[in-house]
Amino acid sequence: MEIWKEGSGANRYTAAADWAEDGLVAFGSDSNVCLWDPTDPKGISNILSGHTAHVRAVAFLPGRNEESKTVNLVTGGDDKQLRLWAIDSETGAASCVQTIQEHSEPINCIAALKSPASGDVAKQIFATGAADATVKIWVFEAGQITLLQTIKTTRKYMPLTLALSALEEGNGLVLAVAGTTNAVQIFTASAADGNPGVEFTLQATLPGHENWIRSLDFIREKPEKGSDILLASASQDKYIRLWLFEALLLGHEDWVYSARWFRAADGRLQLLSASADNTLSLWESDTESGIWLTVVRLGEISREKGATTATGSIGGFWTGLWSPSGTTVITLGRTGSWRRWDYDAAEDMWKQNFAISGHTRAVTGISWSRDGLYLLSTSSDQTTRLHAEWALDARNSWHEMSRPQIHGYDLNCISALGPASFVSGADEKLMRVFTEPKAVARMLSHLTNTAAPTPETEEALPDVANMPVLGLSNKAVTTLSPEEGRPPAADSSTNQAIDPTTADPDTATTHAQPSPLSTLTHPPLEESLSRHTLWPEIEKLYGHGYEISCLAANHDGTLVASACRASSLTHAVIRLFETRGWTELRPPLQAHTLTVARVRFSRDDRYILSVGRDRGWAVWERTQASEGQNEGERDGGYKLAQTNAKGHTRMVLDAAWAPVGDDANGTRVFATAGRDKLVKVWVRKGGEGGQFELGKAVTEEHPVTALDFVPEVTEAGLLLLAVGTEGGKVSVLTLKVNDGEVEVVSTSVVGQALSLPKAVLQLAWRPTREGRKGEELAIAGEDGSLRIYSFLAL
C-alpha cells in the first residue's frame with residue numbers, strides 16, 4: 001500500500017509546532033502529531049497517533065543519535081500525557097518510545113535547550129508546563145525520560161510558555177516561566193556536565209507586561225563566549241519586551257502569540273514575531289542607535305479584525321517558526337493551514353510559497369467528482385474543500401485546490417452532482433447547491449493537466465463568487481469590462497487581481513481584472529483559497545424540519561436524496577429533489593422511525609438503500625415513468641420494495657451497494673455497518689422480484705462506522721469491500737458471491753501505523769479511470785485527517 005495524501009490542519013496553540021535541525025517540522029493536529037518537510041511538495045510525510053486528546057505542545061530534543069540515525073521528539077496535550085518519539089531522520093519512520101503521565105492537567109508547553117549543555121545528545125534537560133500550575137524538569141538519558149523536579153508556580157498561574165538556556169559553561173541553567181499572568185519568573189540551577197546539581201530556585205520576577213504572556217525565547221546577545229543572555233517575551237498586551245536592553249517593541253496591533261530568535265551567519269540577531277493582527281514581523285537592532293525596528297512585515301493587513309475567512313481575515317497567526325538555515329519562515333493561521341515565505345537573496349526579499357492545509361475538526365463527508373478528478377470534503381470546521389493532484393509536479397502530489405464553501409454551520413454531508421457542481425448539508429434545515437466558477441475551472445484544468453471546459457460549458461459558468469459579510473450564501477459575481485458601460489476603478493492601473501469582496505452588492509458585478517488564479521503554476525496560497533476560490537451558490541433545497549443528517553445524488557446527477565435528524569416518524573423520511581427544476585418529488589419515502597444515517601443509490605440508480613438509527617434498512621425501487629414523462633420525471637420517484645426493521649441489533653451507521661446487478665440475472669448485493677460490530681452482506685435471491693437475505697456477517701473488534709465497495713468487480717469476479725471502524729481500523733474484505741452465498745476470501749488490514757486514532761467517518765473509493773496504478777481509497781476521520789491510500793496489490 002502506498003500513501004498518496006495525508007491532510008490535516010494544525011492545532012491552534014503557540015507551542016504546538018517545532019522545527020528540527022534536520023529540517024523536519026512536527027505539529028499537533030487534533031490528537032495526532034504530523035511530520036512535514038516544507039521543502040517536499042508531497043506534504044505531510046507521517047502521522048503519529050497515540051495521544052487521546054488534542055496535542056498542545058511539541059518540541060524536538062537537539063541533536064541526532066549518529067548510531068541509530070534518530071531524532072527525539074517530545075509531545076504533550078489535553079490527555080495529560082508526555083510522549084517521547086524516536087524518528088528515523090532518513091526514512092521518517094517513527095515510534096513512541098515512552099509515555100508518562102505526571103501532570104494532573106493538560107500540558108501547555110515544552111522547552112528544551114537549543115543545544116545540549118553537556119554536548120552529549122544522549123543526555124539532555126527539558127521542561128514542561130501544564131494547567132495544573134506546575135513546571136516539571138526532566139532529563140532524557142539512555143533513551144528514557146526521568147522526572148527530576150516539580151516547581152509549583154508561586155502565583156498559582158498556568159504556565160503557557162517556557163524558555164530554557166545554559167549559563168556559562170558548567171555554571172548551570174536558567175529557566176523562564178510565564179503564562180496567565182503579566183510577569184516572567186526566572187529560575188536557575190547549578191549544573192555539572194549539563195545536569196542540575198541542585199533544584200531550580202526562583203531568582204527574579206520580571207513585571208512589565210499588562211496581559212497574559214504567550215511566548216518566551218532565550219538567545220546569547222553575541223556568539224562569543226561570555227556574552228549576556230537576551231530574553232524575548234510576547235504578550236496579549238500587543239507588545240514584545242526584550243529583557244537586558246529594557247527594549248519595548250511596538251508595531252503589532254493585536255495579541256502577539258510568539259517571538260523566536262535567530263542568529264544570522266554574520267552574527268546579526270533577528271526576532272520573528274507572530275500576531276493576531278495577521279502579520280509576521282522580522283525585527284533587527286539598528287547598528288547605530290540600538291533601537292529595534294521591523295525590517296520585514298509578512299502576511300496581510302486586514303480591515304476586519306477577528307472576522308471570518310470569508311472576508312479575507314484568517315483570524316491571526318498563532319505561531320511563527322524559523323527554518324534551521326533562517327531562509328524560510330512558516331506560520332499557522334486560524335484555518336489550520338500553514339503559510340510559508342522563502343528568502344530570495346538575489347532580490348533581497350521574502351517570497352511566499354505554497355505550504356499545506358487541512359481540516360481542523362472532524363471530516364464528516366467526502367465525495368469524488370464523477371470523473372475522479374478531484375475529491376470534495378466537508379467538516380465540522382464549517383468548510384468544504386476540494387483536493388486534486390498537482391500534475392505539473394513530477395510526483396503528482398495532492399493539494400487543496402479550492403475552498404468552495406465557508407459556512408456558519410457545521411457541515412455534515414456532501415455529494416457531487418456532476419463535473420462542476422455539488423450539494424452539501426449542514427446543521428441547518430436546508431441543503432445548498434454550488435457550481436464551479438470559470439476561474440477555478442481554468443485553474444484545475446491547468447494544474448491537473450486535464451482538458452479545459454468547452455467554450456459552451458465555460459460560458460454557462462459564473463465568473464467568480466462573493467460571500468457578503470455575515471452571510472451564508474456565496475453570490476455569483478459577473479465581471480464587466482469598462483467597454484460594457486461601467487467606468488474603470490480609480491486604481492485599475494495597478495493591475496490588481498479581482499477581489500470578490502469588493503463587488504457591487506446591488507448588481508453583483510465588478511470590473512474585469514486578471515484573476516489571481518489565472519497564472520498560477522502551483523497550488524493556490526492560503527489567501528487565494530479563502531478569498532478567491534469560493535463557488536457560487538445556485539440553489540437552496542427546503543423541506544426538512546431538522547439538521548441534515550445525510551444526502552446522496554444519483555449517478556447522472558438528476559436526483560438528490562436526503563434525510564434529517566429525527567426522533568419521530570414525521571421527520572424520519574427521505575426526500576427526493578429533481579435537479580432540473582429543483583423541486584421535491586412527493587410524497588417523501590417513509591419506512592424508518594428514527595434518523596436515517598446513510599442513503600445510497602445503486603450503480604444503475606434503480607434502487608435506493610437507506611439505513612438508520614432505528615436498527616433497520618430499507619430498499620426502494622424506482623417507479624416506471626408514466627406515458628409522456630421524461631426519464632427522471634417519475635410518479636413518486638421510488639416505491640418501497642423491502643424493509644428489514646431488525647437488520648442489526650444496534651443502530652446501522654453506513655451501507656453500500658456492490659457493483660453487481662446491472663446484468664440480466666438480477667443479482668443484487670449490498671452491505672450494512674452496525675454499532676453491533678457487524679458487517680452484514682445481503683444478497684437478493686430469486687432474481688427480479690426476489691427478496692434480500694443475509695449472506696454473510698463479519699464480526700469486527702469495534703463498531704463499524706463506514707463501508708464502500710470498489711466500483712468494479714475484479715478480473716476473478718470478486719468484490720472488494722472497504723470497512724472502517726470506530727477504533728480507526730481500516731480493512732478490505734475480498735468477497736465471493738455464488739448462488740446467493742457469500743464467502744470472505746481474504747482480509748487485508750491497514751497497518752497500525754496507518755490506522756486512525758479515532759473513528760473512520762466515511763470511506764470512498766476513487767471512480768475508475770484510465771491509467772490508474774491501483775485502487776485509491778479516501779478516508780474521512782473524526783481526528784480531522786483526510787487520507788488517500790493506494791492499495792497497489794488489489
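With the UniProt record's numbering, the residue at position 650 of the sequence shown is 650, and numbering never jumps. Backbone N, C-alpha and C fix where the C-beta goes; we use that ideal spot for every residue, glycine too. Keep in mind the model is a prediction, meaning the values are calculated, not measured.
In chain order, what residues of the same chain have a beta carbon less than 6 Å from the beta carbon of residue i, not counting five sequence neighbours either side?
i: Val-295; result: Leu-282, Glu-284
i: Leu-529; result: Arg-403
i: Asp-132; result: His-103, Ser-104, Glu-105
i: Ala-553; result: Ser-415, Leu-417, Val-560
i: Gly-358; result: Gly-7, Ser-8, Gly-9, Gly-336
i: Gly-299; result: Asn-278, Thr-279, Leu-280
Going by beta carbon distance, what residues of the same chain come within less than 7 Å of residue i, once the five residues before and after it are set aside?
i: Leu-148; result: Ile-137, Trp-138, Val-139, Pro-196
i: Asp-254; result: Lys-238, Ser-275, Ala-276, Asp-277, Lys-305, Gly-316
i: Asp-79; result: His-51, Thr-52, Ala-53
i: Gly-143; result: Val-97
i: Asn-46; result: Leu-35, Gly-92, Ala-94
i: Arg-155; result: Thr-181
i: Asp-410; result: Ser-380, Gln-382, Ala-426, Asp-427
i: Ala-441; result: Ala-420, Pro-453, Glu-458, Leu-461
i: Ser-258; result: Thr-14, Arg-214, Ser-215, Ala-234, Ser-273, Ala-274, Thr-319, Gly-320
i: Glu-90; result: Lys-69
i: Ala-465; result: Pro-437, Asn-474, Lys-475, Ala-476, Val-477, Pro-500, Leu-534, Trp-535, Pro-536
In terms of residues, what are the limits of the alpha helix (DSSP H) holding residue i?
i: Lys-438; result: 438–448
i: residue 823; result: Any property of residue 823 remains undetermined from this structure, which presents the chain solely from 1 to 794.
Can you tell me whether residue i is buried or exposed, with buried defined as 16 or more other CB within 10 angstroms of its CB?
i: Tyr-789; result: buried
i: Gln-752; result: exposed
i: Thr-360; result: buried
i: Gln-270; result: buried
i: Gln-101; result: exposed
i: Ile-291; result: exposed
i: Glu-527; result: buried
i: Val-737; result: buried
i: Lys-680; result: buried
i: Thr-705; result: buried
i: Val-745; result: exposed
i: Met-431; result: buried
i: Val-749; result: exposed
i: Leu-721; result: buried
Compute the beta-carbon to beta-carbon distance between residue i and residue j, rounded to the nearest angstrom, for a pair I have assumed lies under 8 Å.
i: His-399; j: Pro-523; result: 4 Å
i: Ile-213; j: Ser-233; result: 6 Å
i: Gly-647; j: Gly-690; result: Incorrect: roughly 17 Å between the Cβ atoms, too far for contact.
i: Leu-373; j: His-387; result: Going by Cβ atoms, the distance from Leu-373 to His-387 rounds to 10 Å, so no, they are not a contact pair.
i: Pro-659; j: Phe-709; result: 6 Å
i: Ala-764; j: Ile-151; result: Rounded, the Cβ-Cβ distance is 50 Å, inconsistent with contact.
i: Glu-547; j: Asp-381; result: About 16 Å; that fails the 8 Å criterion.
i: Leu-756; j: Gly-784; result: Contact doesn't hold; Cβ gap of about 10 Å is too wide.
i: Thr-623; j: Tyr-607; result: Not confirmed; about 12 Å, so no contact.
Over the uninterrupted beta strand (DSSP E) stretch that includes residue i, give me the two end residues.
i: Pro-523; result: Neither: Pro-523 is in no beta strand (DSSP E) and is coded neither H nor E.
i: Glu-67; result: No beta strand (DSSP E) holds Glu-67; DSSP gives it neither H nor E.
i: Asp-79; result: Counting along the chain, Asp-79 falls outside any beta strand (DSSP E), and DSSP gives it neither H nor E.
i: Arg-340; result: 338–344
i: Met-431; result: 431–435
i: Gly-612; result: 607–612
i: Phe-140; result: 134–141
i: Pro-587; result: 583–590
i: Ser-602; result: Run containing Ser-602: none; DSSP gives neither H nor E here.
i: Thr-52; result: Where Thr-52 is concerned, there is no enclosing beta strand (DSSP E), given that its DSSP letter is neither H nor E.
i: Tyr-257; result: 256–263
i: Asn-32; result: 32–36
i: Phe-200; result: Here Phe-200 belongs to no beta strand (DSSP E), and DSSP marks it neither H nor E.
Within a Cβ cutoff of 8 Å, which residues of the same chain sit near residue i, ignoring the five residues on either side of it in sequence?
i: Gly-267; result: Lys-222, Pro-223
i: Thr-201; result: Phe-187, Thr-188, Ala-189
i: Trp-582; result: Val-433, Glu-539, Leu-541
i: Asn-182; result: Pro-207, Gly-208, His-209, Glu-210, Asn-211, Trp-212, Ile-213, Ser-235, Asp-237
i: Leu-230; result: Phe-218, Ile-219, Arg-220, Glu-221, Leu-242, Trp-243, Leu-244, Phe-245, Trp-261, Leu-269
i: Gly-695; result: Val-669, Val-681, Trp-682, Val-683, Val-737, Gly-740, Glu-741, Val-742
Minimum length 3: unbroken beta strand (DSSP E) runs contained in the segment 316–378 | 317–322, 328–333, 338–344, 349–353, 363–368
Can you list the beta strand (DSSP E) stretches of 3 or more residues lying completely in the segment 212–253, in chain order?
-> 213–220, 229–235, 240–243, 247–249
Could you tell me which uninterrupted beta strand (DSSP E) segments, each at least 3 residues in length, are contained entirely in the segment 80–116, listed from first to last along the chain?
-> 82–88, 94–100, 107–112
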